[in-house]
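*Asks:* In terms of this note's numbering, the sequence shown is residues -9 to 216.
Beta carbons: idealized from backbone N, C-alpha and C, even for Gly.
All figures in this text were calculated on a predicted structure; none of them were measured in a lab.
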Amino acid sequence: MDTKANYDGILKLEDSAEEFRELMMHYDCAMLEVKTKLEVLNKELALLNSRNPFESIKCRIKSPESIIGKLERNGIPFSVENIEKNLNDIAGIRVICSFPEDIYMLVDCLLKQDDIILIEKKDYIKNPKPNGYRSLHLILDIPIFLTDEKKHMRVEVQFRTIAMDFWASLEHKMKYKKDIQNADSISEELKYCADLISQLDRRMEQIRNRIDSNTTYKAYGAIKSE
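1. Taking all protein chains shown into account, decide if Ala7 is buried (16 or more other Cβ within 10 angstroms of its Cβ) or exposed.
2. Taking the CB atoms as reference points, tell me whether Ala81 and Met21 lie closer together than 7 Å.
3. Is it true that the CB of Pro133 sits closer than 7 Å to the CB of Asp104?
4. Compare the Cα-Cα distances from Val145 to each of Leu28, Asn32 and Phe44 and report the closest residue.
5. May I have a chain-ordered list of the beta strand (DSSP E) segments no shorter than 3 residues that lie completely inside the region 88 to 156?
6. Cα separation between Glu9 and Val147?
7. So the beta strand (DSSP E) Ser6 belongs to, where does it begin and stop?
8. Let me make sure I understand the geometry here. Which of Phe89, Ile73 and Lys33 has the alpha-carbon closest to that of Ile197?
9. Could you name the residues of the same chain whose beta carbon sits closer than 8 Å to that of Tyr114, not counting the 5 residues immediately before and after it, in chain order?
10. Touch check for the region 60 to 80 and the region 23 to 37: three-plus C-beta pairs under 8 Å?
11. Does the CB of Trp157 have a neighbour CB from chain D at under 7 Å?
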């Protein structure tokens, strides 16, 4: 980011610090609302299916520097109003699942809830990015209930398998590291690894389904024999 632009942006932020902090608190509350919904689904689905649909969940609020930088890259003047109006990823949640099927099951259950509005859905699992990136992204509108008002906020939720998340972490490090030798060759290797990971996810899912099917069959046979 340009140093002068960054300095000017911080000054603007300081001029509206109280309003900015209040907005970030609203995003934090919205993020916690969605996180709670996911954790409740995780408990219920674990009881129904005897396994947890997701392994972990991570939350973050975008830093002031990142917010200012994104506004500048998009040619949008800094203001609290413009942040709320134009940026969808201030509050972010990443859900790490074991299998692709679990991702789609969780997404379906989440979107059925009547207080959630789907703003945008991008399925990079079925339609990977050219570099091999795979994940499912949702932009959600969620209400929060404050002392004197009900307010709708937006939260970005990303769903990945464990393998997809490992790949994305490595690719992210390479993207922001300068002066990498043989960058094109490394990018090709990463794309190849992404395809292998996708195949591995599908194979592991098939094995899991065979195990579940066999367990169900044995349980059903035991019931019939009683």
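*Replies:* Concretely, from the data shown:
1. Classification of Ala7: exposed, given that the 10 Å Cβ count is below 16.
2. Less than 7 Å separates the beta-carbon of Ala81 from that of Met21.
3. No, these two residues do not count as a Cβ contact at 7 Å.
4. Comparing Cα positions, the closest option is Leu28.
5. Unbroken beta strand (DSSP E) runs of no fewer than 3 residues, entirely contained in the region 88 to 156, are found at 107 to 113, 126 to 135 and 140 to 151, following chain order.
6. Across the structure, Glu9 and Val147 are spaced so that their CA atoms are roughly 25 Å apart.
7. Neither: Ser6 is in no beta strand (DSSP E) and is coded neither H nor E.
8. Here the closest residue by C-alpha is Phe89.
9. Close CB contacts of Tyr114 within its chain, under the 8 Å cut and outside five residues either way in sequence, are with Tyr123, Arg124, Ser125, Leu126 and His127 (chain order).
10. Contact between the region 60 to 80 and the region 23 to 37 is absent, with fewer than three C-beta pairs closer than 8 Å.
11. Looking for chain D here will not work: only one protein chain is present.
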